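Below you'll find the structure, written out as structure tokens, and then a few comments.
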Amino acid sequence: MAEVINALADPAEDRRTAAARCLGELVRKMGERVLHRMLPIMRESMASDSASTRQGVCAGLREVLEAATRHQLGEHLPDILPPIQAALCDSDPSVREAAGAAFGVLFRGGAHSAVDGVVPSLLAGLDSEAHYSASVEGLRVIMGVRPATFNGVAPKLLRPPVTSSSLRALGELAGVAGPALPSHLPAILSTCLAIASKPNDHRAPAAEEAALRVAQAAGEEGLPSLVEELGRALEDASGRAPGAAALVAGYCRAATGDRREGLQGHVDGLMTVGGTVGGGVPAA
Numbered sequence: 102m103a104e105v106i107n108a109l110a111d112p113a114e115d116r117r118t119a120a121a122r123c124l125g126e127l128v129r130k131m132g133e134r135v136l137h138r139m140l141p142i143m144r145e146s147m148a149s150d151s152a153s154t155r156q157g158v159c160a161g162l163r164e165v166l167e168a169a170t171r172h173q174l175g176e177h178l179p180d181i182l183p184p185i186q187a188a189l190c191d192s193d194p195s196v197r198e199a200a201g202a203a204f205g206v207l208f209r210g211g212a213h214s215a216v217d218g219v220v221p222s223l224l225a226g227l228d229s230e231a232h233y234s235a236s237v238e239g240l241r242v243i244m245g246v247r248p249a250t251f252n253g254v255a256p257k258l259l260r261p262p263v264t265s266s267s268l269r270a271l272g273e274l275a276g277v278a279g280p281a282l283p284s285h286l287p288a289i290l291s292t293c294l295a296i297a298s299k300p301n302d303h304r305a306p307a308a309e310e311a312a313l314r315v316a317q318a319a320g321e322e323g324l325p326s327l328v329e330e331l332g333r334a335l336e337d338a339s340g341r342a343p344g345a346a347a348l349v350a351g352y353c354r355a356a357t358g359d360r361r362e363g364l365q366g367h368v369d370g371l372m373t374v375g376g377t378v379g380g381g382v383p384a385a
């Protein structure tokens, strides 16, 4: 097994591929007889200081998961999840990408509890500055495999008390939420604009940045919801209007084509609250 692990980290792609496929073939032919010995070794190898070894182990793990039966995946989930979870938060992008591929196989294989097992710990990591970046990257990789994960993540990030870290994460994850994003636009923007409208709130800069990134990620499908929510916010002169005015101004500065035209009709409303946001709102 040590020789296979070394081959998984080999600089030559053909040797790495052959080693990974070898593991898959072993599982297909011998099943349970090798799985219970193979998985602990692969888990230990994920602690290697070598990024190429960690990446190779993820590639080998993917082949193993492809070859395993649904029953075997369920039986060995406690041994499978920890190394994948660690790799999803790895400092090396190539390791995270390889872990995402393995995670995708695990999920498609019926181990839906994999999401339930990994996502909560990644969300918890957002509260730690030391673990924030790794946790966001892990969530980003998972959503790249299964964008619908955002449906469970967004409400948790919006749960009071909303922190600056949660707001930052919403903005960073919006770009990979795909079709799951539009249905969450009202809740996200309502929260972000309310906080962004309070200049003395230490979370205001994070809320303003998150609102802009979410709006930019909404795409054509989300534009109607975006315009509708901004329209409501602009009428809320004592609450969300200043944040909405700042968002439309920033969005219009960056937007082009249909997106810019879709918000053009709100510029007159922005001018009404322009004094509230200090210095007014530039014309789109």
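Residue numbers (my numbering): 102 to 385. Heads up, the beta-carbon is just placed ideally off N, CA and C, and yes, glycines get one too. Everything numeric in this text was worked out from a predicted model, so none of it was measured.
Given Arg129, which residues of its chain have a CB within under 8 Å of its CB, disregarding the five upstream and five downstream residues?
Ala168
Which whole-angstrom value describes the C-beta separation of Pro283 and Glu322, a residue pair presumed to lie in contact below a C-beta threshold of 8 Å?
With 8 Å as the limit, Pro283 and Glu322 qualify as a contact, their Cβ atoms being about 5 Å apart.
Taking the alpha carbon of Arg116 as the reference point, which residue from Ala160, Val277, Arg241 and Val237 has its own alpha carbon closest?
Ala160
Under 7 Å between C-beta atoms of Leu274 and Leu327
Cβ atoms of Leu274 and Leu327: not closer than 7 Å.
Note down, in chain order, each residue of its chain lying with its Cβ closer than 7 Å to the Cβ of Leu294, except the 5 sequence neighbours on either side.
Ala312, Ala334, Arg341, Gly344, Ala345 and Leu348
Cβ shell of Asp111 (< 6 Å), same chain only, five flanking positions each side left out:
Arg117
Euclidean distance between Cα positions of Gly376 and Gly332
Below a pLDDT of 50, predicted positions are generally treated as unreliable, and Gly376, at 46, falls in that range; the measurement from the model is reported next regardless. Their Cα atoms are separated by approximately 18 Å.
Does the Cβ-Cβ distance between Met143 and Leu162 come in under 7 Å?
yes
Distance check for Gly205 and Pro287, CA to CA, integer angstroms please.
29 Å
Tell me the residue span of the alpha helix (DSSP H) that contains Lys299.
Segment: none, Lys299 is in no alpha helix (DSSP H) and carries neither H nor E.
Within the same chain, show all residues whose beta-carbon is closer than 7 Å to that of Ser146, passing over the 5 residues directly before and after it, in chain order.
Around Ser146: Ile106, Thr154 and Val158.
For Leu259, which residues from the same chain have a beta carbon less than 8 Å from its beta carbon, with the 5 sequence-adjacent residues on both sides left out?
Ser267, Leu271, Ala288, Ile289 and Thr292
From the DSSP output, in three-state form, read off Ala203 for me.
helix
Since I believe Ala305 is in contact with Ala67 (beta carbons under 8 Å), could you give me their beta-carbon distance rounded to a whole number of angstroms?
The first residue shown for the chain is 102 and the last is 385, placing residue 67 beyond what the model contains.
Cα-Cα separation, Glu104 to His303:
Roughly 54 Å between the two C-alpha positions.
Could you pull out every unbroken alpha helix (DSSP H) segment of at least 4 residues lying fully inside the segment 266-334, listed in chain order?
286-297 and 305-318
Quick check: what's the CA-CA separation for Asp191 versus His232?
11 Å
Considering only C-alpha positions, which residue in the set Leu223, Ala235 and Ser234 is nearest to Val254?
Out of Leu223, Ala235 and Ser234, the CA that lies nearest to the CA of Val254 is found in Leu223.
Lys157 - DSSP class collapsed to helix/strand/coil
Checking the displayed sequence, the identity of residue 157 turns out to be Gly instead of Lys. Helix at Gly157.
For Cys353, report the span of its alpha helix (DSSP H) as first-last.
Ala342 to Ala355
How should Arg247 be labelled, buried or exposed, when 16 other C-beta atoms within 10 angstroms of its C-beta is the threshold for buried?
buried
Per-residue DSSP class, three states only, for Val254:
helix
For the alpha helix (DSSP H) that Gly239 lies in, which residues bound it at each end?
Tyr233 to Val246
8 Å Cβ shell around Leu136 - same chain, five flanking residues per side excluded
In chain order, Val128, Val165, Ala169, Gln173 and His177 place their CB closer than 8 Å to the CB of Leu136, counting only its own chain and leaving out the 5 sequence neighbours on each side.
State the CB to CB distance for the pair Ala278 and Ala318, rounded to an integer number of angstroms; the pair is presumed to be in contact (CB under 8 Å).
Yes, Ala278 and Ala318 are in contact; Cβ-Cβ is about 7 Å, under 8 Å.
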